[in-house]
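Colleague: Numbering (the working numbering), first residue to last: 26 to 249.
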């Protein structure tokens, strides 16, 4: 792999040290799962009101770029999770058992968005692990490996519950790869639109019990 130039290395070191500073005020958020638990705790403290929870969380993290990015990722993750659940429920309702029908590939949507918007810096994503001063491979015990940029994009979309990310490292990799909160929310809205169109077409074509309609194997509305 090509060695990072000194300017890029210095930029990444400064970025990481700022992330460390951002997390000092949140010692109870060690993993991404801890962040979700904290959001739920804030919700419970506000009478299980989701809107009040969001207002309070946004107030607490305002100006903290690392936590704001993690928060936007959590919203993005929930948007995709809810959309897939709605499509799955609709498929069940109309007796569509083929898993390849109306299958939303959210990672593909994210990947195409990043390509179209000239995002996704793989040189920095992998290069930051080569900076001796940061020593990320030792500081963070990594059971999983990232061999390609697309593997990282897939992890961003679908976190594995049995092995949540260390929050500081996850934010570090998002920022090294040049993914911002606005990017995640834009992709989340696009996935939601695909899901809504998917549900609409299922309802229109299966309303009369016609299961012979010839659908594409992977439903990708809205892509050119």
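Where is the CB? At the ideal position from N, CA and C, for every residue including glycine.
Less than 8 Å between the CB atoms is what I'm expecting for residue 208 and residue 133, so what's the real figure, rounded?
Modeller: Here residue 208 refers to the residue found at position 183 of the chain shown. Here residue 133 refers to the residue found at position 108 of the chain shown. Incorrect: roughly 15 Å between the Cβ atoms, too far for contact.
Colleague: Suppose you measure from the CA of residue 183 to the CA of residue 108; what does that come to, to the nearest Å?
Modeller: The residue you call residue 183 lines up with position 158 of the chain shown. The residue you call residue 108 lines up with position 83 of the chain shown. Their Cα atoms are separated by approximately 13 Å.
Colleague: Within 8 Å, do at least three Cβ pairs link the segment 188-207 to the segment 51-61?
Modeller: Yes: at least three Cβ pairs fall under 8 Å.
Colleague: Quick one: using the 10 Å Cβ neighbour count with 16 as the cut-off for buried, is residue 91 buried or exposed?
Modeller: Here residue 91 refers to the residue found at position 66 of the chain shown. So residue 91 counts as buried.
Colleague: On the three-state DSSP scale, how would you describe residue 173?
Modeller: As a position in the chain shown, residue 173 is number 148, starting the count at 1. In this structure, residue 173 counts as coil in the three-state DSSP scheme.
Colleague: State the Cα-Cα distance for the pair residue 197 and residue 84, rounded to the nearest angstrom.
Modeller: For the purposes of this step, residue 197 is taken as residue 172 along the chain shown, with counting starting at 1. For the purposes of this step, residue 84 is taken as residue 59 along the chain shown, with counting starting at 1. Just so you know, the alpha carbons of residue 197 and residue 84 end up roughly 23 Å apart.
Colleague: Can you give me the C-alpha to C-alpha distance between residue 139 and residue 153, rounded to a whole angstrom?
Modeller: Looking up residue 139 in the chain shown gives position 114. Looking up residue 153 in the chain shown gives position 128. Near 20 Å, if we compare the C-alpha coordinates of residue 153 and residue 139.
Colleague: What does DSSP give as the partner residue(s) for residue 56 in the beta ladder?
Modeller: For the purposes of this step, residue 56 is taken as residue 31 along the chain shown, with counting starting at 1. Paired residues: 191.
Colleague: I'd like to know whether the C-beta atoms of residue 102 and residue 150 end up nearer to each other than 8 Å.
Modeller: Mapped onto the chain shown, residue 102 falls at position 77. Mapped onto the chain shown, residue 150 falls at position 125. Their beta carbons are not under 8 Å apart, which means residue 102 does not touch residue 150 by this criterion.
Colleague: Just how far apart, CA to CA, sit residue 125 and residue 43?
Modeller: Taking the first residue of the chain shown as position 1, residue 125 is located at position 100. Taking the first residue of the chain shown as position 1, residue 43 is located at position 18. Roughly 43 Å separates the two Cα atoms.
Colleague: Are the Cβ atoms of residue 105 and residue 131 separated by less than 8 Å?
Modeller: In the chain shown, the residue the question calls residue 105 occupies position 80. In the chain shown, the residue the question calls residue 131 occupies position 106. At the C-beta level, residue 105 and residue 131 come within 8 Å of one another.
Colleague: Using the C-alpha atoms, what's the distance from residue 171 back to residue 33?
Modeller: Here residue 33 refers to the residue found at position 8 of the chain shown. Here residue 171 refers to the residue found at position 146 of the chain shown. Looking at the two C-alpha atoms, the distance is approximately 21 Å.
Colleague: If I'm right that residue 64 touches residue 99 with Cβ under 8 Å, what's the distance once you round it to whole angstroms?
Modeller: Numbered from 1 along the chain shown, position 39 holds the residue referred to as residue 64. Numbered from 1 along the chain shown, position 74 holds the residue referred to as residue 99. Their Cβ separation, rounded to whole angstroms, is 7 Å, which keeps residue 64 and residue 99 in contact under 8 Å.
Colleague: Provide the residue span of the alpha helix (DSSP H) that contains residue 99, from first to last.
Modeller: In the chain shown, the residue the question calls residue 99 occupies position 74. Note, residue 99: alpha helix (DSSP H), 90-118.
Colleague: Where does residue 206 fall in DSSP's three states?
Modeller: Taking the chain shown and counting its residues from 1, one reaches residue 206 at position 181. The answer is helix: DSSP assigns residue 206 an H, G or I state.
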